[in-house]
Each structure stands twice: as structure tokens, then as C-alpha cells.
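Participant: Here it is: the structure, laid out below.
In full-length UniProt numbering, the protein residues as written are 1 to 326.
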């Protein structure tokens, strides 16, 4: 296997010159660059990445912790974050915690032991103190992990308001409002609270259901919503994330309700299933591109030494009408 000395000898330059070319440090003439890279190609030289990382004091790896890679919201975020990081020269280590505190704890330890340059976190199964003692740059996806960790999220207050006014406009009388676990510290809870307040302000009955920690799996959504229909047969609308709302529409159709004539639905996120399902959902679209861009930009700035603790709320949520409302 060829070494850096072989490259230097073939290129007719010093070992230090080859090192400077590989690490892009100092002035190197175009002619020297070309000679070095021609020698690298000819010898099929593979640089010692560990040595380069130690030299640069970076590993160029970023950890991403999410609760479930199969969940459409996190899948949308993960694929965009990975692409943007790659464009900045970083590789992604994806950690799927499955909503388990022990898995999240183990992954955090693994990322710290492997000296990643930074971590993006979209879970919150541990105590806030656990996150605050992480010495690496950290950015949170829609989670409140502590005062020193910036949270990037959409404008959920605006999103909840857009969804509520769609039910008001459609003349609904009794709407199911399915939200996340309130024990989890996330800005997303705001949308369900605002939604409830606006419906009640317009004299629309709002039936609230909080998904428990062990009800994160999609297979359970159908059973939960069916039981809610049994308890509240007067329901004429449902609001939740896109995935949950799809099951609500399915239950309504199976019970003989016409959509949107007798049953309206508004999803939240704007993932692919909202557009592929029939009838297509009316939904509040989150700005996934902007969310990923700000997550990556904020983390890299922190890696570069900036002190960033302020939360960022992205205003670009919008209502997209489909076939589940008029």
C-alpha cells in the first residue's frame, strides 16, 4: 500500500508539501497541486483519515438522534440534513432511539466517545441536565433541551391557528384534537393548545386526546381513533399530524361518513402521505428545507466557535387545501 512518502517521491516534492496539499493549508501553486494529485491517482493512495482529523482537530462526523427513522416527519428532516452536511464535507451518524431512554443515553455516550464534531437531537427521553452537560456543540429539532441548547422549530402557534380557522370556515361542530405527550418538552405542543383555544372561542366543541409515550407507533393510531369514534359519534372533524389524520379519515370512511361533506380533516407537517392518500389531505405544511438548512447552519457555526443559545422559530408554515375540507 502506497504511503505519503511514495506520493512525495513520485511527485518530486517534500512530504510536508503533500501534507499541505491534502489539508489545504498554506500557498500551493497550481502546478504542485496537479503533480501531487496525479501521483495520488497513479499510486491509488488513500490518506490516513484519522491522522488528518487529528491534524484538523475535527472528525467531520455529526450525530443525529431521532426517535423513529420510519416516522415521516423525521425521515423528511434526516434526508435533508444528511444532504446538507455532505455538501459541507460532513458525514452523518444516524441514531434511532425508538423512544427509549436507555438507547438515547447509549447513543449520546457513543457519539461523545467517537469525538463527533456536533450533535443534532430530536428526542427528549432524558433529564435536561443530561443534555446540558454535553460538551459538544448541540442543536435541537423541535425540542427544549436546556437554556444553552438552541431549538429550531416551525411557528406552531401560527400552524395551530391556520388549522383551527379551517374547521371554523368549514362549519364544524365537534372536532377531535390529537396531540403529543405533554411530558415531552417540545414547542410543537403549542399548536394543539392554540387550536383548542380558537375552536372554543368560536363555540366549536374540541375533544382533546394526548398520545401517550407508548402510543408513538402507527399501528396503534387506528385502534385509538376507532375507540374515540365509539365514544364520540358526533365527531365531524379531526386535527393531528398527517399520519394520525390519515387513520382518522380511514375510520370515518369505514363508518360511512362522506369526506368532506360529513367529516373534515386537517393534517400537520406536509409529508408525502398527505399528498398520496385519497382523498388528499388538507394540511399545514412545515418548511422542511428551511428547517434542515437552519439546523445545519446553526450547528456548523457552533462548531466554528460561535456562542449560539437563542431559539429560532421559522415563520413559513402554510395551509395547503386538499380533499378533506372544502
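For each residue, glycine too, the CB sits at the ideal point set by N, CA and C.
(1) Which residues bound the alpha helix (DSSP H) around residue 177?
(2) Taking three-plus beta-carbon pairs below 8 Å as touching, is the stretch 242 to 253 in contact with the stretch 182 to 189?
(3) Excluding the five sequence neighbours on either side, which residues of its own chain have a C-beta within less than 7 Å of the C-beta of residue 276, listed in chain order?
(4) I'd like to confirm the pairing. Which residues does DSSP put opposite residue 153 in its beta bridges?
(5) Can you find the residues in the same chain that come closer than 8 Å, C-beta to C-beta, to residue 270, ignoring five residues on each side of it along the sequence?
(6) Quick check: what's the CA-CA separation for residue 330 versus residue 309?
(7) To the nearest angstrom, how far is the alpha carbon of residue 80 from that of residue 139?
(8) List, from N- to C-terminal side, the beta strand (DSSP E) runs of 3 residues or more that fit wholly inside the stretch 90 to 153.
(9) With distance defined between alpha-carbon atoms, name the residue in 272, 159, 128 and 164 nearest to residue 148.
(10) Here's the rule: buried if 16 or more other CB atoms are within 10 angstroms of the residue's CB, otherwise exposed. What is residue 83?
(11) From residue 11 to residue 274, what does the alpha carbon distance come to, in whole angstroms?
(12) Going by Cα to Cα distance, which pick from 160, 66, 33 and 85 is closest to residue 190?
(13) In terms of residue numbering, what span does the beta strand (DSSP E) encompassing residue 282 cover?
(14) CB residue 206 to CB residue 177, shorter than 8 Å?
(15) Out of 212, 174, 187 and 211, point me to the one whose CA is closest to residue 196's CA.
(16) Starting from residue 193, follow the alpha helix (DSSP H) in both directions and report where the run begins and ends.
(17) Would residue 141 pass as a contact of residue 77 if the rule is Cβ separation under 8 Å?
(18) Buried or exposed for residue 227, going by 16 or more other Cβ atoms inside 10 Å?
(19) In or out: residue 16 buried (at least 16 other Cβ within 10 Å) or exposed?
Facilitator: Per the coordinate set shown:
(1) Membership of residue 177 in any alpha helix (DSSP H) is not indicated; the residue belongs instead to the beta strand (DSSP E) covering 174 to 179.
(2) No, the stretch 242 to 253 does not touch the stretch 182 to 189.
(3) Answer for residue 276: no residue qualifies.
(4) Listed as beta-bridge partners of residue 153 by DSSP are 313.
(5) Excluding positions up to five away in sequence, the list reads 242, 283, 284, 285, 286, 288 and 320.
(6) Nothing can be reported for residue 330: it is not among the residues displayed for the chain, which extend from 1 to 326.
(7) If you draw a straight line from the Cα of residue 80 to the Cα of residue 139, it is about 15 Å long.
(8) Counting whole runs of 3 or more residues, the stretch 90 to 153 contains the beta strand (DSSP E) stretches 91 to 96, 118 to 121 and 138 to 141.
(9) Proximity to residue 148 across 272, 159, 128 and 164 peaks at 128, based on C-alpha coordinates.
(10) Exposed, because fewer than 16 other Cβ atoms sit within 10 Å of the Cβ of residue 83.
(11) Between residue 11 and residue 274, the C-alpha separation is close to 57 Å.
(12) Checking every option, the nearest Cα to that of residue 190 belongs to 160.
(13) Residue 282 -> beta strand (DSSP E) spans 282 to 285.
(14) Yes, the Cβ-Cβ distance between residue 206 and residue 177 is below 8 Å.
(15) Selected option, being the one with the closest Cα: 174.
(16) First-last of the alpha helix (DSSP H) with residue 193: 189 to 201.
(17) Remark: C-beta atoms of residue 141 and residue 77 approach each other more closely than 8 Å.
(18) By the neighbour-count rule (16 or more Cβ atoms within 10 Å), residue 227 is not buried but exposed.
(19) By the 10 Å Cβ count, residue 16 comes out exposed.
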